[in-house]
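Visitor: Chains as they are written, first to last, in the working numbering: chain G, 1 to 117; chain Z, 118 to 234.
All residues carry an ideal CB built from backbone N, CA and C; glycine is no exception.
One structure is given below, represented as structure tokens, and several questions about it will come after.
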DNA sequence: GCTGCCTGCTAAGTGTACCAAGCACCTGGG
DNA sequence: CCCAGGTGCTTGGTACACTTAGCAGGCAGC
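Below is the structure:
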């Protein structure tokens, strides 16, 4: 029953977001005002960052703190599976997407989650 | 400029809420699964509780975790780009997607909308 | 009186979040 | 060749979040 399991998920999430933003470990560590070794350890799931560090990382990546807290399992309260529908509905509501693009995104998404409704 | 100032505010807030709920220190500590001496110290502003403890306390008092995080100054600002980021946020939050899949979806999405941040 | 149970607090210890320094590996110039 | 500057990771240490054991005082009943 290692508590590190969902922790590792958080680390992977952070690393993914960092690479998505094209930032090096040191760059993000600097932006988030933490040391680079520590960030490395967090990304590999060795340590669980405090809420403040989480908030700093979120800010450095231009993401909302809520997103990170949810990912860290700290804010879950209502872990409804509406998360699934949230993706599709927000895609449908996005005015910047053409109908064809919405269709493509939703197909890709459904392919990933295995939805078949 | 003591950093403990807003901390003390949090402690007082917790104590007020606890008394409002007619709970003894030990009762709340038990509900929140922390030791009673620790809760005592938190309420007097000696220590800053971790996000998980905060969440447990919030749950024990039947209050929202957001309320506590705000009170702790962890969640304040950034209520801005919510709407614009709805698609990306919901993708990131979807528990059924692997990090790689999220990455792919977001890349596709950004390609569509021409985002470049 | 003294038990026993409640209240909150203190003391001392353990685990871990976090940091500074530095290592090992690449890649690109001189 | 070798130094410069980039990448991520390891080590050793400090600070603090959090624990268990125990203290002092207030109020019941015996």
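Considering only the alpha carbon of each residue, which of Z/148, Z/218, Z/128, Z/224 lies closest to residue 159 of chain Z?
Guide: Here the closest residue by C-alpha is Z/128.
Visitor: Quick test of the definition: if touching needs 3 or more C-beta pairs under 8 Å, does the region 27 to 41 of chain G touch the region 62 to 70 of chain G?
Guide: Short answer: they don't touch.
Visitor: Are at least three pairs of beta-carbons, each pair with one atom in the region 18 to 31 of chain G and one in the region 131 to 149 of chain Z, less than 8 Å apart?
Guide: With the cut-off at 8 Å, the region 18 to 31 of chain G and the region 131 to 149 of chain Z do not touch.
Visitor: Using only CA atoms, which one of G/91, G/106, G/87, G/54 lies nearest to residue 73 of chain G?
Guide: If we check each option's Cα against that of residue 73 of chain G, G/54 comes out closest.
Visitor: Taking the alpha-carbon positions, what's the residue 45 of chain G to residue 98 of chain G distance?
Guide: Going by the C-alpha atoms only, they are around 39 Å apart.
Visitor: Nearest CA to the CA of residue 29 of chain G: which residue from G/56, G/88, G/110?
Guide: The shortest Cα separation from residue 29 of chain G among G/56, G/88, G/110 belongs to G/56.
Visitor: What I want to know is whether the C-beta of residue 152 of chain Z ends up closer than 6 Å to one or more non-hydrogen atoms of the ligand MG.
Guide: Annotation note on the ligand MG: not contained in the displayed structure, which lists no ligands.
Visitor: Quick one: which chain G residues come within Cβ less than 8 Å of residue 143 of chain Z?
Guide: Near residue 143 of chain Z there are no residues of chain G at all, since even the closest Cβ is about 25 Å away, more than 8 Å.
Visitor: Just the Cα atoms here: how many angstroms apart are residue 90 of chain G and residue 143 of chain Z?
Guide: Roughly 45 Å between the two C-alpha positions.
Visitor: Just curious, the alpha helix (DSSP H) that residue 40 of chain G is in, first and last residue?
Guide: Run containing residue 40 of chain G: 36 to 43, per the alpha helix (DSSP H) assignment.
Visitor: Mind checking whether residue 70 of chain G and residue 192 of chain Z have CB atoms under 7 Å apart?
Guide: Taking 7 Å as the Cβ cut-off, residue 70 of chain G and residue 192 of chain Z do not qualify as a contacting pair.
Visitor: What is the rounded straight-line gap between the Cα of residue 14 of chain G and the Cα of residue 67 of chain G?
Guide: Distance between the alpha carbons of residue 14 of chain G and residue 67 of chain G is about 11 Å.
Visitor: Mind checking residue 78 of chain G: buried by the 16 CB within 10 Å criterion, or exposed?
Guide: Per-residue confidence for residue 78 of chain G stands at a pLDDT of 48, beneath the threshold of 50, marking its modelled position as unreliable; no derived number is given.
Visitor: Taking the beta carbon of residue 212 of chain Z as the centre, do at least 16 other beta carbons fall within 10 Å, making it buried, or is it exposed?
Guide: With fewer than 16 Cβ atoms within 10 Å of its Cβ, residue 212 of chain Z is classed as exposed.
Visitor: For chain G, find out if any of its Cβ atoms is closer than 7 Å to the Cβ of residue 178 of chain Z; answer yes or no.
Guide: So no, residue 178 of chain Z is outside the interface.
Visitor: For a contact meaning CB atoms closer than 8 Å, what does residue 225 of chain Z contact in chain G?
Guide: Per Cβ cutoff of 8 Å: 104, 105, 108.
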